[in-house]
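If you count the sequence shown from 1, position 59 lands on 133 in my numbering, and the numbers rise without skipping. Quick reminder that beta carbons are idealized off the backbone N, C-alpha and C, glycines included.
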Amino acid sequence: MDTDRLPGCYRHPDRDTGISCTRCERPICPECMISAAVGFQCPECVREGSGTGHRPTANAPRTIAGGVVAEDPHLVTRILIGINVAVFFLGLLAPALVVRLQLLGQYVDYLGGPVHGVAAGEYDRLLTSVFLHVEWWHIISNMIALWVIGGPLEAALGRTRYLAVYLLSGLGASALVYLLTAPNTPTVGASGAIFGLLGATVVLARRLRYEMRPLIIMVVLMLVLTFVPLGGYLRVSWQAHVGGLVTGALVGLGMLAPTAAKHRALVQWGTCAVVFLLAAGLITLRTAELT
Numbered sequence: 075m076d077t078d079r080l081p082g083c084y085r086h087p088d089r090d091t092g093i094s095c096t097r098c099e100r101p102i103c104p105e106c107m108i109s110a111a112v113g114f115q116c117p118e119c120v121r122e123g124s125g126t127g128h129r130p131t132a133n134a135p136r137t138i139a140g141g142v143v144a145e146d147p148h149l150v151t152r153i154l155i156g157i158n159v160a161v162f163f164l165g166l167l168a169p170a171l172v173v174r175l176q177l178l179g180q181y182v183d184y185l186g187g188p189v190h191g192v193a194a195g196e197y198d199r200l201l202t203s204v205f206l207h208v209e210w211w212h213i214i215s216n217m218i219a220l221w222v223i224g225g226p227l228e229a230a231l232g233r234t235r236y237l238a239v240y241l242l243s244g245l246g247a248s249a250l251v252y253l254l255t256a257p258n259t260p261t262v263g264a265s266g267a268i269f270g271l272l273g274a275t276v277v278l279a280r281r282l283r284y285e286m287r288p289l290i291i292m293v294v295l296m297l298v299l300t301f302v303p304l305g306g307y308l309r310v311s312w313q314a315h316v317g318g319l320v321t322g323a324l325v326g327l328g329m330l331a332p333t334a335a336k337h338r339a340l341v342q343w344g345t346c347a348v349v350f351l352l353a354a355g356l357i358t359l360r361t362a363e364l365t
């Protein structure tokens with residue numbers, strides 16, 4: 075037996091190597107070695123941590139907003155679409171669920187009956203309504219828009235920041251609907267949150283110095299269509315669209331502000347907190363008015 079032979083890589087035993095991981099000392103071939111502050115590390119040690127007290131993602135590639143670049147950049151968008159579709163089918167099977175999840179400021183089932191709605195403390199309606207649809211055309215059009223607008227934005231922001239834009243846009247849209255519509259007017263749909271993603275996309279395009287005219291034309295056309303009456307049970311809510319668009323743009327400005335890396339998280343999550351408090355203020359104002 076040749077005792078002078080170099081050891082084989084722990085992941086590829088057929089490849090001889092004279093390099094070992096500086097942390098676990100396992101032999102690693104050129105394909106497996108990852109540069110570290112000193113020497114090289116194996117993939118497992120890199121996933122477990124850098125060995126310097128930093129998180130495993132400390133040296134991971136980052137998006138323009140500072141989020142970690144994910145292997146599947148559209149995962150959250152797929153999950154959001156899945157939730158919307160699941161809630162839609164649940165609503166078809168249990169119509170009473172639609173009444174419980176839709177956005178309503180205040181209503182009673184019968185004279186002298188219990189009061190329901192956001193003003194009665196059912197604040198969850200402000201977000202559950204964002205995932206609720208009652209017409210086929212409504213959910214299909216919204217989910218196509220969510221995929222087309224949301225997918226690229228998720229890849230640009232990263233999962234956590236993208237989800238924050240979506241949820242805050244949905245909340246901002248619901249807050250304006252609650253403030254400006256009759257309290258017994260039912261409102262459902264993800265379009266407010268989607269308009270928020272569109273607002274953040276405008277901010278992103280400006281940050282990257284993209285051609286703005288096609289995007290501005292899209293925003294204008296979508297706002298024009300917002301005010302076209304459709305009739306029937308489900309009407310387009312301009313309050314939701316405008317509220318979502320403004321909220322998404324504000325959160326997008328915070329997420330994409332050209333700040334130093336060490337201050338980026340403070341600016342981003344500080345902006346989210348301010349936007350949340352503004353929405354909460356509108357909700358509190360309307361609740362006081364109705365009660």
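Three-state secondary structure (DSSP) of residue i
{"i": "Leu177", "result": "strand"}
{"i": "Pro117", "result": "helix"}
{"i": "Val367", "result": "Here the chain covers residues 75 to 365 and nothing more, so residue 367 does not appear."}
{"i": "Ile138", "result": "coil"}
{"i": "Ala353", "result": "helix"}
Distance between residue j and residue i (C-alpha atoms, nearest Å)
{"i": "Gln313", "j": "Tyr252", "result": "9 Å"}
{"i": "Ala347", "j": "Val293", "result": "26 Å"}
{"i": "Thr126", "j": "Glu118", "result": "Model confidence at Thr126 stands at a pLDDT of 46, short of 50, so the residue's coordinates are unreliable; what they give is reported in the following sentence. If you take the alpha carbons of Thr126 and Glu118, they lie about 15 Å apart."}
{"i": "Arg281", "j": "Tyr84", "result": "45 Å"}
{"i": "Leu272", "j": "Leu340", "result": "24 Å"}
{"i": "Gly246", "j": "Gly317", "result": "6 Å"}
{"i": "Pro324", "j": "Leu242", "result": "Checking the sequence shown, residue 324 turns out to be Leu, not Pro. About 10 Å."}
{"i": "Val192", "j": "Thr361", "result": "8 Å"}
{"i": "Asp90", "j": "Thr137", "result": "37 Å"}
{"i": "Ser124", "j": "Gly113", "result": "The pLDDT assigned to Ser124 is 48, lower than 50, so where the model puts this residue is not dependable; a value taken from the coordinates is nonetheless given after this. Each residue's Cα considered, the two are about 12 Å apart."}
{"i": "Met378", "j": "Cys95", "result": "This structure cannot settle anything about residue 378, because the visible part of the chain is limited to 75 through 365."}
Environment of residue i [buried if 16+ CB atoms lie within 10 Å]
{"i": "Ala139", "result": "buried"}
{"i": "Phe269", "result": "buried"}
{"i": "Phe163", "result": "exposed"}
{"i": "Cys98", "result": "exposed"}
{"i": "Tyr307", "result": "Annotation note: pLDDT 43 at Tyr307 (below 50); position unreliable, coordinate value reported separately. Exposed: under 16 other Cβ atoms inside 10 Å."}
{"i": "Pro147", "result": "buried"}
{"i": "Thr255", "result": "buried"}
{"i": "Tyr240", "result": "buried"}
According to DSSP, residues forming a beta bridge with residue i
{"i": "Asp90", "result": "Gly82"}
{"i": "Val182", "result": "Val189"}
{"i": "Pro101", "result": "Ser94"}
For residue i, the nearest candidate out of the options (CA to CA)
{"i": "Asp88", "options": "Leu177, Pro101 and Ala256", "result": "Pro101"}
{"i": "Val320", "options": "Gly244, Asp198 and Ser203", "result": "Gly244"}
{"i": "Pro260", "options": "Ile290, Leu178 and Leu356", "result": "Leu178"}
{"i": "Gly141", "options": "Asn216, Gly263, Gly191 and Gln342", "result": "Gln342"}
{"i": "Tyr236", "options": "Gly317, Arg174, Val173 and Ala144", "result": "Ala144"}
{"i": "Ile153", "options": "Phe205, Phe114, Ile108 and Val173", "result": "Phe205"}
{"i": "Tyr197", "options": "Trp210, His212, Leu175 and Pro188", "result": "Leu175"}
{"i": "Asn158", "options": "Val189, Thr202 and Arg287", "result": "Thr202"}
{"i": "Ala168", "options": "Glu228, Val150 and His207", "result": "His207"}
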